[in-house]
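Down below is the structure, laid out as structure tokens.
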Amino acid sequence: MSSTPSTKGKVTVRQLRERRRILRSFGTGIVLVGAAMLGFFPVVKKWVERLRPPGAIGEKDFLAACIKCGQCVQVCPVKAIKLGDLDEGFGVGVPYIDARSQACDFSCDAVQCVLSCPTEALSHKTDVKEQVRMGIARLSRPKACLAKQGKGFKGTARGADFKGLHRYMHVDRWTPIPMAEYTYDEDLCNLCVQECPIDGAITIERENFNPEKILGTPLVFDKCVGCGMCEMVCPVDPPAIVIDIRKSWGDV
Amino acid sequence: MSLFSSILEMFGKAPGKKPDDSAYSPEAFKIHDTKRDPKGKKERTDAIRAERDLKRSHKWRNWRWFSIIIVNLLFVLSYQLDVQLIEGSLLASRVIGFHMADLNASLQVMIAHKQILTNLVIGTITVLIMWWLLGGRTFCSWVCPYHLLSEIAEYIHLKLTAGKLVRDMAMHRGLRSVLYVIFVLLALVTGYTVFEAISPVGIVSRALIYGPGLALIWVLALLAYEVFVTRRAWCRYMCPIGLTYGFVGITSPVHVKYDLENCLHEGDCRSICLVPHVLEPTKKGFALDTQVTLGADCTRCGMCVDVCPTKSLSFDVKGLNKLL
């Protein structure tokens, strides 16, 4: 009998199922690794550049060393530190500071976030606030600066609805209070200088000698650590002074 | 089951065929032989039928759910109420001041960052010892918050499969080992902790403590996949964290023990188990000895202990019996 069907090339249902199972596993694996690799884009293309907490090591090392646990978030007395979300790729769960809404004003006195970090992504070489290098403040919109226009400032820095906290040493040495509860009254606006937590990082320089209308300009010095307090307190919106993230004095 | 084959099965090897009579221990052979006897068949089937009316215990499941909720609640409350009992999240924390770090997360960080960090090493070793004592993958079923969500997804999935609305699209268990190697290599080569971008464990733990974010969409997608496509897809076939804790569990003293003697081999345990390949010895004629320790991949969830009508499966701590 010549009609014995050849078993070659014929696939049993069981084999077919097994083949599908392997293919499905491959497909799922590729999709999963692909999904993880999507995290590259926001990082490499720098879609979002973030101001990192005090003591942060270089950005690439920072993303690697950070274990994404959020202990720094928990110790911050003004809740300045937030964690990155999905749109930040490998920055998911990595801490950052949005200075305009809540800057670090060092009200913990001892860089608590650095001490809390289990992986030294916030380098333990940082002992005092003066050693911190997060960036440098820059007068980005000089025309909007009130001091530049010779204007004073009265009232709360950011309005009554602003949620941000700040420690006013002469009000309460230990506890930060809402910025909305503190009123200023200045003949020439100098809020950025008043609230700067670092001595000698910023001053208002006289621009003219006309006693009728004094003009000033904020000058940033190399002691600036880039904490963002000036950006937070600046009463014009958008702020006249901002932090250049991760910029160091050598770059300027 | 030998330790070696239990490790291979954890990596994804299919469990072996039914052993020959010569492989059994003399006592096991006696029991297997009695069970093969056609004379007692009716009694045995009657006994299995009688089990249908038994009310199932949920003792271990209830303890386990309690444990998952309590541990994660401690993280949340400790931050919300600022009591500083457990600071951090499941990835790394300080428990009353002591460093703790998730083994897989700390492995990823060390490989990506290529530096030995003292505090991290201390935290990792503490956690390693803790989970070795408690059984390795015990982490999965007793602490991991994603496990609980996944159990809910599994419940819905099983309802849907019972109604023939979906079919469980099983995958090859070797996938997890392949992914494990890929994610280690990716961390090594790119210098980023690539896996953390998609780790549902980290995402859920952070979402619970620091508030929800967009990243939960990814977790929901995974859960949807588990409901409609593959039963327990993440925990069974993908999660590298599970494999890391599986390594720890290889030699752990806490395990589930199987007693051959009274078992009727009805297979209830295998149908509810997250990792049914570890219950291979419960198949008729598969156990080489009268008592078998389940494999390393077992998550020590206790569901099989709960479901077993003949009390043939039980929790056991090696060495403790000798001490007592």
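For the protein sequence lines, the chains are A and B, in the order given. For the record, in the first sequence the residue sitting at position 172 is 172 according to my numbering, with numbers rising by one throughout. For the record, in the second sequence the residue sitting at position 210 is 1210 according to my numbering, with numbers rising by one throughout. Cβ coordinates follow ideal geometry from the N, Cα and C atoms, glycine included.
DSSP-derived helix/strand/coil call for residue i
| i | result |
| --- | --- |
| M1171(B) | coil |
| D161(A) | coil |
| G1246(B) | helix |
| L1085(B) | coil |
| M1110(B) | helix |
| P178(A) | strand |
| T254(A) | Nothing can be reported for residue 254(A): it is not among the residues displayed for chain A, which extend from 1 to 252. |
| L219(A) | strand |
| V236(A) | coil |
| E258(A) | As shown, chain A starts at 1 and ends at 252. That puts residue 258(A) outside it, with no answer to give. |
| V43(A) | helix |
| E212(A) | coil |
| E195(A) | helix |
| L1279(B) | helix |
| K154(A) | strand |
| K1042(B) | helix |
| I245(A) | strand |
| M229(A) | helix |
| Y1024(B) | coil |
| H1325(B) | In the structure as shown, chain B begins at 1001 and stops at 1324. Residue 1325(B) is therefore absent and cannot be evaluated. |
| M1303(B) | helix |
| K1284(B) | coil |
| L1120(B) | helix |
| I1217(B) | helix |
| Q1291(B) | strand |
| L1077(B) | helix |
| L1165(B) | coil |
Residue i classed as buried or exposed, judged by whether at least 16 other C-beta atoms fall within 10 angstroms
| i | result |
| --- | --- |
| D105(A) | buried |
| M1(A) | At M1(A) the pLDDT is 45, less than 50, meaning the model places this residue with poor confidence; the figure from the coordinates comes in the next sentence. It is exposed - the Cβ of M1(A) has fewer than 16 other Cβ atoms within 10 Å. |
| F221(A) | exposed |
| T183(A) | exposed |
| L1320(B) | exposed |
| S1002(B) | exposed |
| D127(A) | exposed |
| I241(A) | buried |
| R1232(B) | buried |
| P1026(B) | exposed |
| Y1155(B) | exposed |
| L219(A) | exposed |
| Q1108(B) | buried |
| A1014(B) | exposed |
| G58(A) | exposed |
| D1306(B) | buried |
| D1046(B) | exposed |
| A1023(B) | exposed |
| T1193(B) | buried |
| G34(A) | exposed |
| L238(A) | Here residue 238(A) is Pro; the residue named in the question, Leu, does not match the sequence. Per the 10 Å Cβ criterion, exposed. |
| V1292(B) | buried |
| E49(A) | exposed |
| N190(A) | buried |
| L1134(B) | buried |
Below 8 Å, can you find three or more Cβ-Cβ pairs linking the region 59–68 of chain A to the region 1095–1106 of chain B? yes
Of the residues that make up the region 1009–1039 of chain B, which ones have a beta carbon closer than 7 Å to any beta carbon in chain A? none
List in chain order: all unbroken alpha helix (DSSP H) runs of 4+ residues lying wholly within the region 49–96 of chain A. 59–65, 71–75
Say whether the region 1200–1211 of chain B touches the region 46–55 of chain A, bearing in mind that this needs 3 or more beta-carbon pairs closer than 8 Å, one atom from each stretch. no
Please confirm if the region 1116–1133 of chain B is in contact with the region 1255–1262 of chain B, defined as three or more CB-CB distances below 8 Å between the two stretches. no
Is there contact between the region 106–126 of chain A and the region 1233–1248 of chain B, where contact requires at least three CB pairs shorter than 8 Å? no
Indicate whether the contact test is met: 3 or more Cβ pairs, each with one atom in the region 1012–1026 of chain B and one in the region 1286–1294 of chain B, closer than 8 Å. yes
Any 3 or more C-beta pairs closer than 8 Å across the region 89–102 of chain A and the region 14–22 of chain A: no
Are the region 1066–1084 of chain B and the region 23–41 of chain A touching by the rule of at least three beta carbon pairs closer than 8 Å? A contact is defined here as three or more CB-CB pairs under 8 Å, and the region 1066–1084 of chain B fails this definition with respect to the region 23–41 of chain A.
Please determine if the region 1026–1044 of chain B and the region 1109–1118 of chain B are in contact, where contact requires at least 3 C-beta pairs separated by less than 8 Å. As far as the Cβ criterion goes, the region 1026–1044 of chain B does not touch the region 1109–1118 of chain B, which means the pair count is below three.
Could you tell me whether the region 1177–1193 of chain B touches the region 1215–1228 of chain B, using the rule of 3 or more Cβ pairs below 8 Å? The region 1177–1193 of chain B vs the region 1215–1228 of chain B: no contact.
Say whether the region 168–185 of chain A touches the region 138–149 of chain A, bearing in mind that this needs 3 or more beta-carbon pairs closer than 8 Å, one atom from each stretch. no
Using a Cβ cut-off of 7 Å, which residues of the region 61–72 of chain A contact any Cβ in chain B, in chain order? D61, L63, A64, A65, I67, K68, C69, G70, Q71
Would you be able to state if there are at least three C-beta pairs under 8 Å between the region 1291–1306 of chain B and the region 1140–1151 of chain B? yes
Give me the subset of the region 14–35 of chain A whose CB atoms are less than 7 Å from a CB atom of chain B, sorted by chain position. R21, I22, R24, S25, T28, G29, L32, V33, A35
Counting only Cβ-Cβ distances shorter than 9 Å, please list the residues of the region 95–121 of chain A near chain B, keeping chain order. S116, C117, P118, T119, E120, A121
Whether or not the region 220–239 of chain A and the region 152–170 of chain A are in contact is what I'm after, with contact meaning three or more pairs of Cβ atoms, one per stretch, closer than 8 Å; do they touch? Output reads yes: the region 220–239 of chain A touches the region 152–170 of chain A.
Contact list for the region 79–93 of chain A against chain B, Cβ threshold 7 Å: L83, D85, L86, D87, G89, F90, V92, G93
Entirely within the region 1122–1146 of chain B and at least 4 residues each: give me those alpha helix (DSSP H) ranges in chain order. Here the runs fully enclosed are 1138–1142.
If contact is defined by three or more beta carbon pairs under 8 Å, each pair taking one atom from either stretch, is the region 1213–1225 of chain B in contact with the region 79–95 of chain A? yes
The region 1097–1122 of chain B: positions lying closer than 7 Å to chain A by Cβ: H1099, A1101, A1105, S1106, V1109, A1112, H1113, L1117, N1119, L1120
Residues of the region 1128–1148 of chain B in Cβ contact with chain A at a cutoff of 9 Å, in chain order, please. none
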